Each structure stands twice: as structure tokens, then as C-alpha cells.
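Colleague:
In this note's numbering, the protein residues as written are 0 to 248.
1. On the DSSP bridge assignment, give the partners of residue 182 in chain order.
2. For residue 119, does the count of other Cβ atoms within 10 angstroms reach 16, so buried, or fall short, so exposed?
3. What is the rounded straight-line gap between the Cα of residue 173 and the Cα of residue 58?
4. Straight-line CA distance for residue 197 to residue 3?
5. What's the call for residue 248, buried or exposed, on a 16-neighbour Cβ count within 10 Å?
6. Helix, strand or coil, according to DSSP, for residue 0 in the structure here?
7. Counting only runs that start and end within the segment 103 to 129, where is the beta strand (DSSP E) found for 3 or more residues in a row?
8. So, with DSSP's three-state summary, where would you put residue 217?
9. DSSP beta-bridge partners for residue 11?
10. Output the residue ranges of the beta strand (DSSP E) runs that lie fully inside the segment 57 to 94 and measure 3 residues or longer, sorted by chain position.
11. Would the C-beta of residue 209 count as close to the ligand GDP, meaning under 7 Å from any of its heavy atoms?
12. Where does residue 181 land, buried or exposed, given buried means 16+ other C-beta within 10 angstroms?
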């Protein structure tokens with residue numbers, strides 16, 4: 000298993016994963032040239048990406064899926080709801096709707112709906128004895144999905160904002176309330192709460208993703224989570240302008 004978060008922020012999100020020899024991206028929200036450069040930086044050729052799986056239709060998650068699909072004929076796995084909201088859907092080829100499937104190229108996966116102002120999903124990927132949770136852009140995680148999220152090897156979970164910084168920031172009041180609400184984003188404290196509920200004896204690594212540029216700091220996100228999480232579990236930070244630390248297991 001290999002994981003590298005190529006970028007994670009409101010400007011663009013994309014994560015490289017390799018499981019069982021299958022290479023894929025979760026989202027392609029960076030500009031196409033930048034996304035290619037970051038793949039080359041981790042010694043991955045863009046044409047070797049087997050598929051892109053899409054969480055939801057916000058531009059910071061879908062910006063380059065059309066270009067990637069057109070240039071490399073990369074398969075796109077997407078929900079029917081997100082496809083309808085994607086404005087270049089008629090130009091995509093090799094599109095697979097994942098609503099009714101639970102396996103992609105031998106990788107078992109579960110879909111967990113996000114609570115956001117666009118319909119979308121987080122994912123649980125499993126191969127052999129390894130498992131990955133990816134959840135971002137969600138204001139809460141419904142309790143009916145908690146069991147499927149428990150005791151996984153790696154968590155990539157949103158630690159988006161510090162509530163005090165968010166509420167004292169320069170955004171308008173409606174946006175502030177949206178961001179801290181159930182249809183917005185997880186705060187640092189929310190992230191730590193959910194992680195402590197989900198992690199188990201199999202959990203080894205955590206990536207804190209989608210950290211706000213203006214309403215959080217990497218230091219705050221790390222400290223809030225580090226203070227409450229088992230010290231034997233390694234926590235990685237992710238960034239807008241550089242790739243994360245590479246995980247290889």
C-alpha cells in the first residue's frame with residue numbers, strides 16, 4: 000500500500016493510492032499541469048493511473064478529471080448524483096457509476112455519504128489485511144455508518160477549521176455558519192472526536208486533510224488531534240502547495 004496526498008485544501012484536492020498493484024486517485028482537483036507534475040514528483044507516470052474516483056462535484060475536487068480522462072483515457076468512477084452535477088459530464092468517456100458496486104479491480108470498497116451542500120461520498124477501501132478511510136467535506140458523519148468506518152489501517156479525515164478562527168474571520172456570517180454546521184466541514188475537535196470513536200487495534204496512520212488556509216493552522220490541527228489520539232498512531236499533515244509525507248506499507 001502507498002498513499003501520498005498530492006494536495007488538500009479549498010484550492011484543490013487529490014490523493015494518490017496504490018493498493019494491490021492498482022494505482023488510483025481520489026479526486027483530481029488540481030490544475031492538470033500541476034497534478035501531472037506532482038505525480039512525476041512521486042515517480043508515478045500519469046498514464047499509469049488506473050482510475051480516478053470522485054467524491055463530489057465541487058471544483059476543488061473535479062477540476063482536472065475531464066483533462067485526465069481525455070488525455071490518458073483514465074476510467075472515472077463517480078456517483079450518479081455527482082455526474083449530474085458535473086458540468087462537463089457529456090465530454091467524459093469510460094465513466095462507471097459506483098452507486099451499486101462494491102469492488103473496483105479487486106479492491107473492496109464501501110461508500111459513506113458526506114453531509115455537505117453537494118451530494119457526495121467518502122470511501123472505505125480494503126485489500127487483503129489493509130484498509131483506508133477517506134472522508135472530507137462533511138459537517139458530520141451519521142451514526143448509521145460508524146461501524147463500517149471502525150478499526151481501519153489508515154484514516155484520511157478532514158480537520159478543516161478552528162471554530163474560534165472561523166467565527167472571528169472575514170467571511171460573511173452565512174458562510175461561517177455553513178462551514179461550522181452539519182452541511183459544512185469538520186472542525187479540529189470534530190475530527191479528533193470521530194477518530195477516537197473509529198480507531199482500533201489495526202489503526203497505524205492518520206492523515207489530517209482539507210486544513211483551511213485562513214481559519215485554521217497546521218499546528219492547531221495537529222495539536223488538537225495529537226493530544227487526544229493514541230501516541231502509537233502516526234499523524235501526517237497535508238498541504239495545499241506541496242505533497243504530503245509518503246506512506247508505504
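Ideal placement from N, C-alpha and C gives every residue a C-beta, glycine not left out. In this text, all values refer to a predicted model and were calculated from it rather than measured experimentally.
Modeller: According to the structure data:
1. BP columns for residue 182 are empty, so no partner.
2. buried
3. 20 Å
4. 22 Å
5. exposed
6. coil
7. With a minimum length of 3 residues, the continuous beta strand (DSSP E) runs that stay inside the segment 103 to 129 are 106 to 112 and 120 to 126.
8. helix
9. DSSP, once it has assigned bridges, lists 8 as partnering residue 11.
10. 74 to 77
11. The ligand GDP is not among the ligands present in this structure, which contains no ligands whatsoever.
12. exposed
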